[in-house]
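Colleague: Residue numbers (the numbering used here): 19 to 367.
Mind having a look at this structure? Questions to follow.
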């Protein structure tokens, strides 16, 4: 074939058809041989991306990972109604039912499960890209920490940590949700664990830096209203303040030797610093780590309802095992030892 026409089997393939004909006829070996005129079909302009609302995608991703609307709301620091609305908006945007009622909560539909897996990969890519940018400039150290511990004990000593970081930026994120190390959500986690290091995921290492005494605290005015309360058993009938569940109070009373507990009631406030504030306002008795109330006990704003020596779990530093002995993690461990010397809890007693 030397008449310059493109074979029928090559027609419609645009530039690739021209290249195929060039190879077929040997064009390019003879300088006098010119390529016959050929019009390459114009490609259609790519349509702009039509993305669902990013806030809705983020809320759905967190819900799919944690399994409940309330847990997702807690991680995102919004109300559960906001999370529900984001999920509804996402369903309207994609035109597919992603969640369905399951008992008293919600569960993913088949389509929702597939979509969640794709979103998980997409957010992983975004996290990886962000980490590359972050590490390209001043390397930042991201620390996730319980809100109460961060605000009441760590912020005042943060300059000491920044000085030990040799120019690295310190990001201290107060949170009650467990971060996902595999997704680059944090470099270090500071968490209170009731069951100790046994609950730490594979590939991570944990070290307890403080084992606090757990106190039953209230306002002086509240205690004055109950002068006959002298033992842990006497607390059972009082207004009790809880964090996420009644579990801590049940464990504390059991450790204090109180058996045959009735069903415990009272408000659930989800954060230790909120239970402390509720107790200060005279709303009831809260359980709290002695490390969080040193100042308020010393000032008399809060008092112990009864004397006790109950300890449950401790505060842990958690980081990837392969990075445990790096200068950064070692500096954070030393900083925590300085903030929480071993004798501190004894001095509070």
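By construction, the Cβ of each residue, glycine as well, lies at the ideal position given by its N, Cα and C atoms.
All of these numbers come straight from a predicted model, not from anything done at the bench.
(1) Is any beta-carbon of chain C found at less than 7 Å from that of residue 345?
(2) Do residue 330 and residue 225 have their C-beta atoms within less than 7 Å of each other?
(3) Under 7 Å Cβ to Cβ from residue 142, same chain only, skipping five residues before and after it: list those, please.
(4) Ignore the nearest five residues each way along the sequence and tell me which others in residue 221's own chain have a CB closer than 7 Å to its CB.
(5) Jot down the residue ranges of each uninterrupted beta strand (DSSP E) in the segment 102-175, minimum 3 residues, whole runs only, in chain order.
(6) Taking 7 Å as the cut-off, decide whether the C-beta atoms of residue 160 and residue 204 are in contact.
(7) With DSSP run on the structure shown, which of helix, strand or coil describes residue 21?
(8) Taking DSSP as the reference, what is the three-state secondary structure of residue 330?
(9) Where do the ends of the beta strand (DSSP E) carrying residue 227 lie?
(10) Give the single residue among 109, 76 and 170 whose Cα lies nearest to the Cα of residue 138.
(11) So, at 7 Å on beta carbons, what are the nonlocal neighbours of residue 354 in its own chain, with the 5 sequence-adjacent residues on each side left out?
(12) May I ask you to verify whether the segment 281-300 touches the segment 165-175, counting CB pairs closer than 8 Å and requiring at least 3?
(13) Could you tell me the alpha carbon to alpha carbon distance between residue 186 and residue 240, rounded to whole angstroms?
(14) What separation, rounded to the nearest whole angstrom, lies between the Cα atoms of residue 191 and residue 164?
(15) Using the C-alpha atoms, what's the distance from residue 122 back to residue 268?
(16) Decide if the segment 171-184 is in contact with the segment 233-251; the criterion is three or more beta carbon pairs, one per stretch, under 8 Å apart.
(17) Report the partner residues of residue 210 according to the DSSP bridge assignment.
(18) Buried or exposed: which applies to residue 308, given that a residue is buried once 16 or more other Cβ atoms fall within 10 Å of its Cβ?
(19) Whole angstroms is fine: what's the gap from residue 115's alpha carbon to residue 133's?
(20) Which complete alpha helix (DSSP H) runs does the segment 234-308 hold, if anything under 4 residues is left out?
(21) Give the straight-line distance between the Cα atoms of residue 69 and residue 78, rounded to the nearest whole angstrom.
(22) What first and last residue would you give for the alpha helix (DSSP H) that runs through residue 187?
(23) From this set, 106, 320, 98 and 74, which residue's C-alpha is nearest residue 242's C-alpha?
(24) If you reduce the DSSP assignment to three classes, tell me which class residue 71 lands in.
(25) Buried or exposed: where does residue 74 fall if 16 or more other Cβ atoms within 10 Å of its Cβ makes it buried?
(26) Hey, residue 287 and residue 259 are a contact pair by Cβ (cut 8 Å); roughly how many whole angstroms apart?
(27) Nearest CA to the CA of residue 349: which residue from 118, 127, 125 and 179?
(28) May I ask which residues mark the beginning and end of the alpha helix (DSSP H) holding residue 354?
(29) For a test of your reading of the model: does the CB of residue 145 fall under 6 Å from any non-hydrogen atom of the ligand ATP? Yes or no.
(30) For residue 338, which three-state DSSP category applies?
(31) Is residue 323 near residue 303, with beta carbons less than 7 Å apart?
(32) Taking residue 210 as the reference, which of 333, 299 and 357 has the closest Cα?
Modeller: For this structure:
(1) No chain C appears in the structure shown, which is made up of a single protein chain.
(2) no
(3) Cβ neighbours of residue 142 beyond the five flanking positions: 201.
(4) Around residue 221: 338 and 339.
(5) 117-120, 123-126 and 158-163
(6) yes
(7) Low per-residue confidence applies at residue 21: pLDDT is 46, beneath 50, and the placement is therefore not dependable, though the value from the model is reported in the following sentence. DSSP places residue 21 in coil when its eight states are reduced to three.
(8) coil
(9) 222-228
(10) 76
(11) If you ignore the 5 residues before and after residue 354, its C-beta comes within less than 7 Å of the C-beta of 227 and 335, all in its own chain and listed in chain order.
(12) yes
(13) 46 Å
(14) 8 Å
(15) 24 Å
(16) no
(17) 333
(18) Answer is buried; the Cβ neighbour count reaches 16.
(19) 11 Å
(20) 238-242, 265-273 and 290-298
(21) For residue 69 and residue 78, the distance between alpha carbons rounds to 14 Å.
(22) Counting along the chain, residue 187 falls outside any alpha helix (DSSP H), though it belongs to the beta strand (DSSP E) covering 187-192.
(23) 320
(24) coil
(25) buried
(26) 7 Å
(27) 179
(28) 345-357
(29) This structure does not include the ligand ATP; it has no bound ligands of any sort.
(30) strand
(31) yes
(32) 333
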